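Peer 1: I am attaching a structure below and will ask some questions about it afterwards.
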Amino acid sequence: MAETVPCSFRTLHRHSIFQPTASSESEWELVSPPNPSGAEDDLVPAKKGRVVTREKEVILATGKEVRLASLSGEGFEMRNGNVGKYSTLSSAALTFDILSVALNPTGRLLAVVGRSQIVVLVLPRSGSATRGQVACRSITIDAPQYAASSASAIAKVRWHPLGQNGESLWILSSDGQLREYDIQSPHDPIQTFSFLPPSPASSSRFSAADPLSRIATSFTFGPPTGSSGSGSGSGPGWGELIIYGLLANGDVYTLCPVLPFRCEVSLKWIQRLRAYVQETGSEEERYWLDMLSRQVHIESSGAASSPGSPSVRVSILGRSTRKEQAEKKEEEEVNGDQLVQLHPPHLTKSGGPAPGLHMELERQGPAVFDPAGPEGDEEDVASDLMVVAVGAGGDGKEKEGVRVIGVCWCAARVDVGVEVGKVQGRWAGSSRSKPQAISKIPIVESIQLDLPIHLAPDNAPLFTSDPLHPDTFYVQHIAGVDAISVQDLVTTLLAEKGEISGCSVAQLVSSSGNKSQQIEGLATCYNFSLGYGVLALSSSNRLAGIELDYRSSDGGDAAIPSKSDPKSAESSAGSGHAADTASLLLSHPIDIDHLLRSTLPSPSLLTARSALDKLSTARIPLETVSHEHLRSLVSLIAALQIRIEAVRSASAAVERHLDLQVSEFQRQVQLLQTTGKLLADVKGHQAIERADGMMRTQEKLVGRMDGVLGGLMGLYRPPVAEVEKRWFEELEAVKGRVQGGKGFGLNRGGGMQAQVDDLEDQLEEIKPSIEAANAELQSQPARTKRTGAKQIRPIESALYQKMDEIGRLMRKMEGLKVEVEEALEGGSS
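Residue numbers for the sequence shown, in the UniProt record's numbering: 1 to 829.
Below, the structure is given as structure tokens:
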């Protein structure tokens, strides 16, 4: 039994389809084809997208060949060292190096695009491809126009979503010409439009016009309306009939309405478009829709039992006649999901010009982003354009959504803006055809992706939409893949409260960006075999498969990718702005009991024993196999498949939880290493020496500051006012009066201090005589004493008066002395 490898995002890179192409030395090719138009196309790098998915198959373009491999089954069989098998789609028309591939909506046609050549391959049925060469029918598109020597390169190729059987191919050239080709008549364009104005006739070789304004780089169709049945849309409007064109300088132009040559839509789509036009449209728009509705009426009449059925006419044209009002009941029974085929009113069914007067569509714009890019980015090239509608519908009513316009630049900058006004139909010479002012698209956020600056000249980023969520898209550039979600932004815009939230950005794939590791392809995947994720392809055909988490029903952030296989060569999944693994472990714990119960057989499911018991011939030897046996086997196989799927789902849940645990363990180990390093640095000798040095330096600084402060205080000489001068003079006069000195008047000779000294001397002279008199009085008899007392009383009174006078003078002298000393101290300070 051959060994098999499980089919998953982790093992897909081992598939043999991703082996590099064996180059042949005998092959010769024109590396740089002549460019008669000059070197303008060299300003824009070539965009590459070499991988797409189709249901359970992956399609890869490498070199000059296209490979196809099936992803169905339990795994990839290993044989002779090769993992899995693939088919090579051979065609004699594939003579050029393939840059990108584009799959049509039905999955049967593949547009293979080179620099200036394009071929459409008719793919084999899904699941029918085998190993080896598979011859495919090829359709060369307009060989004279798209040849190896063509002057203009192919800028973008897309299939129109409304084209009948997915056969409407639209090609934009770098010269601004947008052409529609029908696969049934691929040699000539059915419709041609231009996003560039006619070049002014000038004989001068020099021009002041920006060369980037003459190069078209991308285009896209408008997002589907809420009535298109997609479940999400931009509300009522022209929807897919709008074409947005992007020039290399970032200008955005629009064309509306543009209908593919063979268009297939439902009656309900036409009805709601008519209701929108009748409410807000102009006379020209109503006239254009009336001509379109006549085609619907003819188609519906052909399918009805009687031609010109009034009921169909009412539901489509919205007329109001007495007969039609009487048949209102029949009108309500018309099937709105019925598909009808349409063609542009100015063309016939065969593609020729329709009779009558038809105005040409007017190119609307330009619309520029406001504010403009950073200074110094004038030479940056706008590479791709995306328009998504988010926030409409969801409750059965028509809601106005928000149209978000994204432009990615070669310098890995993504400008995210909001379309303010709706695009309306406009024709040259109509009432709305007036000189237009340059409209502005307000930029909500400008995101700079991780790209080395030296890789910008070779970078040509591309947008890829998410298969499940219209608010999420991916940006492919040569150094990686990033996911951007605008859900939070739109939610805050619709709430009209508080600040506007930014976009959620997550880096899914990171690459060094050298020649062998540049990202050259990105495909989204959503099928039963692999699940939900993205595939990133490098220039050396190495693959990185990133499995994405399904978003919960209550909304939330964009899907967070799981860790990609470490063996996915140079491309590796990064965490980017993903949620922290610890929070995921806490908020989403694994329930082992629930997983075990999910793998147990349900009572309602059939088991092998119950299947045998149901057979009436269970205990009889089996001789022939009847239909009853086959039905029992079918039921048993179905029950086994259900259990196998339950086991597989449980295994995937355990594996995802294990990945989260490993990521959390790695994060904790890294955190511990960082903490240990910081602690070692703090405890090191260098840190201690540095702290000591800082202390010594601080002490020196404090000493210097004290010296400077003392010097400043010594140098400080405040100015003396006139009042203070007079006050000092009065103090000097008082000092002279107290201390005496030379001068005139009281200041001449001794002062008050000298007088006090004289009085003290006189007192000392009188004291001995007084004491002698007292002693004599005490020695005399009492009578004599009484007589003596009367004699000395006048003397005592005179002495007391002298003593009181001397005391007052002493107290006055002490007070004056204190005041003089305080005044002198204050003057000296």
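Backbone N, C-alpha and C fix where the C-beta goes; we use that ideal spot for every residue, glycine too.
Values in this document were obtained by computation on a predicted structure and should not be read as measured data.
Assuming Gly176 and Ala216 make a contact with CB atoms under 8 Å, what is their CB distance in whole Å?
Peer 2: Gly176 to Ala216, Cβ: 4 Å. Contact.
Peer 1: List the whole-angstrom C-beta distance separating Gly521 from Arg67, where the pair is believed to meet the contact cut-off of C-beta under 8 Å.
Peer 2: Gly521 to Arg67, Cβ: 12 Å. No contact.
Peer 1: If you compare alpha carbons, which of Leu658, Val625, Ser529, Asp384 is closest to Ile590?
Peer 2: Closest by alpha carbon: Leu658.
Peer 1: Would you kindly check if the distance between the Cβ of Ser501 and the Cβ of Gln517 is under 9 Å?
Peer 2: Taking 9 Å as the Cβ cut-off, Gln517 and Ser501 do not qualify as a contacting pair.
Peer 1: Is it right to say Val669 is buried, meaning 16 or more other beta carbons lie within 10 angstroms of its own, or is it exposed?
Peer 2: Exposed, because fewer than 16 other Cβ atoms sit within 10 Å of the Cβ of Val669.
Peer 1: Evaluate Gln145 with the Cβ neighbour count: other Cβ atoms within 10 Å of its Cβ, from every protein chain shown; 16 or more gives buried, anything less gives exposed.
Peer 2: It is buried - the Cβ of Gln145 has at least 16 other Cβ atoms within 10 Å.
Peer 1: May I ask which residues mark the beginning and end of the alpha helix (DSSP H) holding Trp727?
Peer 2: Per DSSP, Trp727 belongs to the alpha helix (DSSP H) from 722 to 739.
Peer 1: Roughly how many angstroms lie between the CA atoms of Asn165 and Gln487, to the nearest whole one?
Peer 2: Whole-angstrom Cα-Cα distance: 33 Å.
Peer 1: Helix, strand or coil: which one does DSSP assign to Lys449?
Peer 2: Note on identity: in this sequence residue 449 is Leu, with Lys being the wrong assignment. Coil at Leu449, not helix or strand.
Peer 1: State the beta-bridge partners of Ala523 as determined by DSSP.
Peer 2: Note: Ala523 sits in a beta bridge opposite Leu535.
Peer 1: Taking all protein chains shown into account, decide if Glu362 is buried (16 or more other Cβ within 10 angstroms of its Cβ) or exposed.
Peer 2: Flag for Glu362 reads buried.
Peer 1: Find the nearest neighbour of Val416 within the set Gly429, Gly425, Gly807, Leu385, judged by alpha-carbon distance.
Peer 2: Answer by Cα proximity: Leu385.
Peer 1: Which term fits Gly127, buried or exposed, when burial requires 16 or more other beta carbons within 10 angstroms of its beta carbon?
Peer 2: Looking at its Cβ environment, which holds fewer than 16 other Cβ atoms inside 10 Å, Gly127 is exposed.
Peer 1: In its own chain, which residues sit with a C-beta less than 7 Å from the C-beta of Ala354, not counting the 5 before and 5 after it?
Peer 2: Around Ala354: Pro345, His346, Leu347, Thr348.
Peer 1: Is Pro344 helix, strand or coil by DSSP?
Peer 2: Here Pro344 sits in coil by DSSP.
Peer 1: Grab me the residues of Pro189's own chain with a C-beta within less than 7 Å of its C-beta, minus the 5 sequence neighbours each way, in chain order.
Peer 2: The residues are Asp142, Arg179, Glu180, Tyr181.
Peer 1: If you run the structure through DSSP and keep just helix, strand and coil, what is Arg413?
Peer 2: Residue state, collapsed to three classes: strand.
Peer 1: Please go through the same chain and pick out, in chain order, the residues whose beta-carbon is closer than 8 Å to the beta-carbon of Leu813, but skip the five residues on each side of it.
Peer 2: Per the sequence shown, the amino acid found at residue 813 is Met instead of Leu. Around Met813: Val738, Met752, Gln753, Val756.
Peer 1: Take the Cβ of Asn774 as the centre, count every other Cβ of all protein chains shown within 10 Å, and call the residue buried at 16 or more, exposed below.
Peer 2: When all chains shown are included, Asn774 counts as exposed.
Peer 1: Taking Arg726 as the reference, give the member of Val113, Tyr716, Ala823 with the closest Cα.
Peer 2: Closest option to Arg726, Cα to Cα, is Ala823.
Peer 1: Could you name the residues that DSSP lists as bridge partners for Gln177?
Peer 2: Answer is Ser194.
Peer 1: Quick check on this structure: which residue in Gln666, Ile98, Ile243 has the alpha carbon closest to the alpha carbon of Thr62?
Peer 2: Considering only alpha carbons, the answer is Ile98.
Peer 1: Can you list, in chain order, the residues of its chain whose CB lies under 8 Å from that of Glu3, leaving out five sequence neighbours each side?
Peer 2: Correct list, in chain order: Glu77, Met78.
Peer 1: Taking Cβ positions, are Val52 and Leu103 nearer each other than 9 Å?
Peer 2: Result yes, Cβ atoms of Val52 and Leu103 sit closer than 9 Å.
Peer 1: Can you tell me which of the three DSSP states Ala135 falls into?
Peer 2: Three-state DSSP puts Ala135 in a strand.
Peer 1: Is the segment 691 to 709 in contact with the segment 797 to 804, if contact means three or more CB pairs nearer than 8 Å?
Peer 2: No, the segment 691 to 709 is not in contact with the segment 797 to 804.
Peer 1: From the DSSP output, read off the bridge partner residues of Gly480.
Peer 2: Looking at the DSSP assignment, Gly480 forms a beta bridge with His477, Ser510.
Peer 1: Going along the chain, which residues of its own chain have a beta-carbon closer than 7 Å to the beta-carbon of His477, five neighbours each way excluded?
Peer 2: The answer, listed in chain order, is Ala412, Leu449, Leu451, Asn459, Pro461, Ile519.
Peer 1: Going by the CB atoms, is the gap between Cys263 and Gln424 shorter than 9 Å?
Peer 2: For Gln424 and Cys263, no; Cβs fall outside 9 Å.
Peer 1: Shortest alpha-carbon distance to Val404 belongs to which of Ser350, Ser485, Glu819?
Peer 2: Closest option to Val404, Cα to Cα, is Ser485.
Peer 1: Just the Cα atoms here: how many angstroms apart are Val634 and Phe528?
Peer 2: Looking at the two C-alpha atoms, the distance is approximately 21 Å.
Peer 1: Once DSSP output is grouped into helix, strand and coil, what is the label at Glu378?
Peer 2: Residue state, collapsed to three classes: coil.
Peer 1: Check whether the Cβ atoms of Val481 and Val505 sit closer than 9 Å, and answer yes or no.
Peer 2: Taking 9 Å as the Cβ cut-off, Val481 and Val505 do not qualify as a contacting pair.
Peer 1: In this structure, does DSSP put Thr624 in helix, strand or coil?
Peer 2: Thr624: coil per DSSP, three-state reduction.
Peer 1: Taking just the CA atoms, how far does Ser194 sit from Met359?
Peer 2: If I take the Cα positions, the gap works out to 15 Å.
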